[in-house]
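Undergrad: When we follow the UniProt record's numbering, the leftmost residue of the sequence shown carries the number 1, and every step to the right adds one.
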Amino acid sequence: MVLRKLPGVSASGMGLRLSQKFVFLLFLSGLVTLCFGALFFLPDTVRLKRIFLSKNENPAVTVGHDNELSKKVPGDPEHQRVALKGGEGANVKLKVSRKPSVTHGARTVERSVGSRAQEEWSPARAQEPAARDERVTSAAHNGERGSAYSYEAFKSCLLKPALGRNQGTPPDSETLQRREKVKEMMTFAWDNYKRYAWGNNELRPLTRNGHLGNMFGGLRGASIVDSLDTLYIMGLMEEYEEAKEWVQNNLDLNSNGEASLFEVNIRYVGGLLSAYYLTGAEVRFRLICLGEKLLPAFNTPTGIPRGVINLGSWSWGWASAGSSILAEFGTLHLEFLHLSQLSGSPLFTEKVMNIRKLLNKIEKPHGLYPNFLSPVSGNWVQHHVSIGGLGDSFYEYLIKSYLMSDKTDQEAQKMYYSAMEAIETNLVQKSPGGLTYVAEWRGGILDHKMGHLACFSGGMIGIGADDGPAGQRQHYLDLAAEITHTCHESYSRSATKLGPEAFRFDAGAEATATRLSDRYYILRPEVIESYMYMWRLTHDPKYREWGWEAVEALEKHCRVDAGFSGIRDVYASTVSHDNMQQSFFLSETLKYLYLLFSDDDLLPLEDWVFNTEAHPLPVIHKRCLQEHKLH
């Protein structure tokens with residue numbers, strides 16, 4: 001008998017005192033509540049939840065993550081890019097609340113659309129998700145019949161051939177030799193990924209095995225999708241066909257698990273978009289399906305998306321931190337506009353335009369955009385401003401949205417140059433040694449630190465020089481050159497000639513890392529990205545020389561027997577490798593180096609913009625496309 005095991009309870013049930021009865025009942029009710037509540041937190045209890053919850057009720061789930069938010073930053077030894085580009089992120093506890101305001105479970109997809117997908121890249125696809133947004137699905141169905149978008153019309157509207165007259169081959173032998181070296185590096189990195197990590201997200205070259213990580217939920221093959229356009233641009237057609245075949249047969253978009261909205265968008269959506277536009281490979285349906293899976297993230301009171309989404313669940317499909325991050329929700333515009341182009345549905349565009357509408361409405365301290373915003377209230381959560389981690393690609397996507405619109409998006413133009421004015425007024429500094437850098441702003445107090453991620457800004461400011469206020473073109477080109485020079489100094493002042501994760505300008509230091517935690521280099525592309533843009537804009541030979549210095553340093557310190565690896569301390573004469581060949585090394589670092597040593601007609605900037613993962617997306621020449629529709 002249970003009662004006999006309780007202290008103070010007599011063998012006779014009639015001997016229970018009132019206080020003892022109360023304690024026993026309290027214990028029993030707590031036990032029942034605990035068991036009943038556990039049903040809602042078990043991983044496979046969706047059916048049980050449907051028994052107890054009505055259609056209009058939404059379960060709330062909370063999970064905690066202690067990862068520092070940072071795109072391309074290792075939050076742990078696994079070197080996982082948890083949320084976005086970031087150097088020194090906020091130590092945020094991620095409270096996940098899955099409360100989609102729209103129930104997708106009651107909606108179904110026409111099977112004819114699913115059968116059409118079998119004719120495309122995915123003959124061995126997993127079962128299609130049963131829940132869709134009807135507006136997108138209908139438009140996608142119409143689009144597959146050719147009424148929404150014409151690939152031939154797109155190609156005819158390009159001002160120049162995407163691959164140039166001769167695949168961008170440079171006329172001088174030295175530059176050609178350097179370009180061939182970069183191509184060999186890509187082949188070496190790809191071959192080792194294929195040999196030791198095929199189908200995984202990234203390669204561990206020291207231990208010769210694969211790495212999945214937790215940024216992509218259950219999605220796999222990040223290095224494959226990220227490499228598609230790089231392989232094609234470099235003319236590595238056998239490797240490109242291998243990658244395409246894997247996407248066709250093995251890329252499962254229905255994988256269950258919580259993934260970063262930001263990372264899935266820039267790598268998978270961006271990578272598939274560029275593969276479609278460059279090659280004509282028919283991936284439109286898969287792209288639209290993947291885009292639809294991201295939409296529940298926007299089901300918040302403000303329409304500002306959460307940062308994490310469950311790709312395998314539609315009823316409880318999204319979750320993220322209490323705050324949304326500027327560089328996450330601000331780095332969707334390019335891809336979502338193209339999703340609307342391909343699907344014929346305005347829904348994707350409406351989602352990102354709503355973000356812009358809210359940002360224009362709320363007050364900005366000194367004209368600056370803080371890094372954290374509440375998706376519930378629509379208010380800033382704290383006043384930390386950075387053009388590096390947590391903020392960077394928001395600004396990048398403003399100017400690139402303007403350029404991608406064929407310079408018709410005047411709202412993006414106004415937002416970008418207003419932001420640049422505030423950044424110059426409050427953040428741009430000059431060191432005692434004459435180096436120009438962009439500091440961070442914490443509630444009115446400057447932190448004289450610049451992250452490697454902020455070094456993309458040289459190129460960004462350069463490509464925006466032509467369309468700013470009257471008479472400011474040369475000023476912006478000079479500022480872009482000065483920032484790029486500072487970032488080069490962060491490389492040249494290290495023992496390895498590779499740059500640290502962050503460098504400071506205080507306590508006598510200039511463009512050097514003063515903290516042990518900032519000394520690592522994980523094959524990042526941002527400095528080389530600025531070299532490429534500045535070469536295209538100025539043709540100053542120093543940018544190609546600086547790029548070649550980076551190639552030599554990568555070969556000497558990061559190349560190992562089975563791939564490329566980041567290093568733990570750029571100032572150490574004997575390097576220690578981190579055992580990770582990052583996906584973005586294939587997508588960004590090597591692609592930008594290849595373009596740096598190519599003619600300008602390879603992916604000309606008049607026709608193409610690069611997303612923040614270096615996937616080329618075409619400028620939308622609206623007038624030309626509309627003329628084709630009329631005919």
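Note that the Cβ used here is the ideal one computed from N, Cα and C, for glycine as well. This structure is a prediction, so every number in the text was calculated from the model and none was measured.
1) Distance, Cα to Cα, Gly270 vs Lys181?
2) Among all the DSSP beta bridges, which residues are the ones paired with His577?
3) Suppose only complete runs of 3+ residues qualify. What are the beta strand (DSSP E) ranges in the stretch 340-417, listed by chain order?
4) Near Val609, which residues of its chain fall below 6 Å by C-beta distance, leaving aside the five closest residues on each side in sequence?
5) Starting from Tyr437, trace the beta strand (DSSP E) both ways and give me its first and last residue.
6) State the CB to CB distance for the pair Leu278 and Leu287, rounded to an integer number of angstroms; the pair is presumed to be in contact (CB under 8 Å).
7) Given that a residue counts as buried once 16 or more other Cβ atoms are within 10 Å of its Cβ, and exposed if not, what is Ala243?
8) Looking at the unbroken alpha helix (DSSP H) that takes in Phe154, where does it start and where does it end?
9) According to the Cβ coordinates, are Tyr476 and Ala419 closer than 8 Å?
10) Can you tell me whether DSSP reads Asn310 as helix, strand or coil?
11) Between which residues of its own chain and Ser324 is the CB-CB distance below 7 Å, once the five residues before and five after are set aside?
12) Here's the rule I'm using: 16 or more other beta-carbon atoms within 10 Å means buried, otherwise exposed. How should Ile445 be labelled?
13) Determine, using beta carbons only, whether Gly352 and His333 come nearer to each other than 8 Å.
14) Tell me whether the beta-carbon of Trp246 lies closer than 8 Å to the beta-carbon of Ile224.
15) Identify, in the order they occur along the chain, each residue of the same chain with its Cβ nearer than 6 Å to the Cβ of His628, setting aside the five sequence neighbours on each side.
16) Mind reading off the beta-carbon distance from Thr349 to Ser340? Whole number of angstroms is fine, and I expect it under 8 Å.
17) Assuming Asn256 and Gly210 are in contact, meaning their beta carbons sit under 8 Å apart, how far apart are those beta carbons, in whole angstroms?
18) When DSSP labels each residue in this structure, what does Gln626 get in the three-state scheme?
19) Is the stretch 468-483 touching the stretch 492-505, taking contact as three or more C-beta pairs under 8 Å?
20) Could you check where the beta strand (DSSP E) with residue 634 kicks off and where it finishes?
21) Less than 8 Å separating the beta-carbons of Leu523 and Thr230?
22) Please say whether Phe564 and Arg178 have beta carbons closer to each other than 8 Å?
23) Under DSSP, the alpha helix (DSSP H) around Ala502 begins and ends at which residues?
24) Give the secondary structure of Arg559 by DSSP, where H, G and I count as helix, E and B as strand, and everything else as coil.
25) Tell me whether Glu202 is buried or exposed, calling it buried when 16 or more other Cβ atoms sit within 10 Å of its Cβ.
TA: By the coordinates alone:
1) Numbered from 1 along the sequence shown, position 270 holds the residue referred to as residue 270. Numbered from 1 along the sequence shown, position 181 holds the residue referred to as residue 181. Going by the C-alpha atoms only, they are around 26 Å apart.
2) Working through the sequence shown from its first residue, we reach residue 577 at position 577. The partner list for His577 (beta bridge, DSSP) reads Ile567.
3) 380-382
4) Your numbering for residue 609 matches position 609 in the sequence shown. Excluding sequence neighbours, Val609 sits near Lys400, Leu403, Met404 and Leu617.
5) By one-based count along the sequence shown, residue 437 stands at place 437. From DSSP, the beta strand (DSSP E) with Tyr437 extends over Thr436 to Val438.
6) Here the question's residue 278 lines up with position 278 in the sequence shown. Here the question's residue 287 lines up with position 287 in the sequence shown. Between Leu287 and Leu278 the Cβ distance is about 14 Å, and since that is not below 8 Å, they are no contact.
7) Against the sequence shown, residue 243 aligns to sequence position 243. Classification for Ala243: buried.
8) Reading the sequence shown from its first residue, position 154 is the one you call residue 154. Unbroken alpha helix (DSSP H) run through Phe154: Tyr151 to Cys157.
9) In the sequence shown, residue 476 corresponds to position 476, counting from 1. In the sequence shown, residue 419 corresponds to position 419, counting from 1. No; because the gap between Cβ atoms is not below 8 Å, this pair is not in contact.
10) Sequence index remark: in the sequence shown, residue 310 carries index 310 (1-based). Asn310 falls in the strand class under three-state DSSP.
11) Start at 1 with the first residue of the sequence shown, and residue 324 comes out as number 324. If we look at Ser324 and ignore the five residues flanking it on each side, its Cβ neighbours are Ile304, Pro305, Arg306, Gly307, Leu373 and Pro375.
12) Taking the first residue of the sequence shown as 1, we reach residue 445 at position 445. Per the 10 Å Cβ criterion, exposed.
13) On the sequence shown, residue 352 is found 352 positions in, with the first residue counted as 1. On the sequence shown, residue 333 is found 333 positions in, with the first residue counted as 1. Correcting the residue identity first, residue 352 is Val in this sequence and not Gly. Contact flag set, yes.
14) As a position in the sequence shown, residue 246 is number 246, starting the count at 1. As a position in the sequence shown, residue 224 is number 224, starting the count at 1. Yes, they are a contact pair.
15) Translated into the one-based positions of the sequence shown, residue 628 becomes position 628. Answer for His628: Ala153, listed in chain order.
16) As a first step, residue 349 is located in the sequence shown; it is residue number 349 there, counting from the start. As a first step, residue 340 is located in the sequence shown; it is residue number 340 there, counting from the start. Confirmed, Cβ separation roughly 4 Å.
17) Here the question's residue 256 lines up with position 256 in the sequence shown. Here the question's residue 210 lines up with position 210 in the sequence shown. At roughly 20 Å, the Cβ-Cβ gap does not stay under 8 Å, so Asn256 and Gly210 are not in contact.
18) As a first step, residue 626 is located in the sequence shown; it is residue number 626 there, counting from the start. Looking at Gln626 - three-state DSSP - the assignment turns out to be helix.
19) no
20) The chain is shown only over 1 to 631; residue 634 falls outside these bounds and no answer can be derived.
21) Numbered from its first residue, the sequence shown carries residue 523 at position 523. Numbered from its first residue, the sequence shown carries residue 230 at position 230. Not in contact: Leu523 and Thr230 (Cβ atoms no closer than 8 Å).
22) As a position in the sequence shown, residue 178 is number 178, starting the count at 1. As a position in the sequence shown, residue 564 is number 564, starting the count at 1. Going by C-beta atoms, Arg178 is not nearer than 8 Å to Phe564.
23) For the purposes of this step, residue 502 is taken as residue 502 along the sequence shown, with counting starting at 1. Per DSSP, Ala502 belongs to no alpha helix (DSSP H); it is in the beta strand (DSSP E), Ala502 to Arg504.
24) Looking up residue 559 in the sequence shown gives position 559. Reduced to three states, the DSSP call for Arg559 is strand.
25) Start at 1 with the first residue of the sequence shown, and residue 202 comes out as number 202. Buried is the call here.
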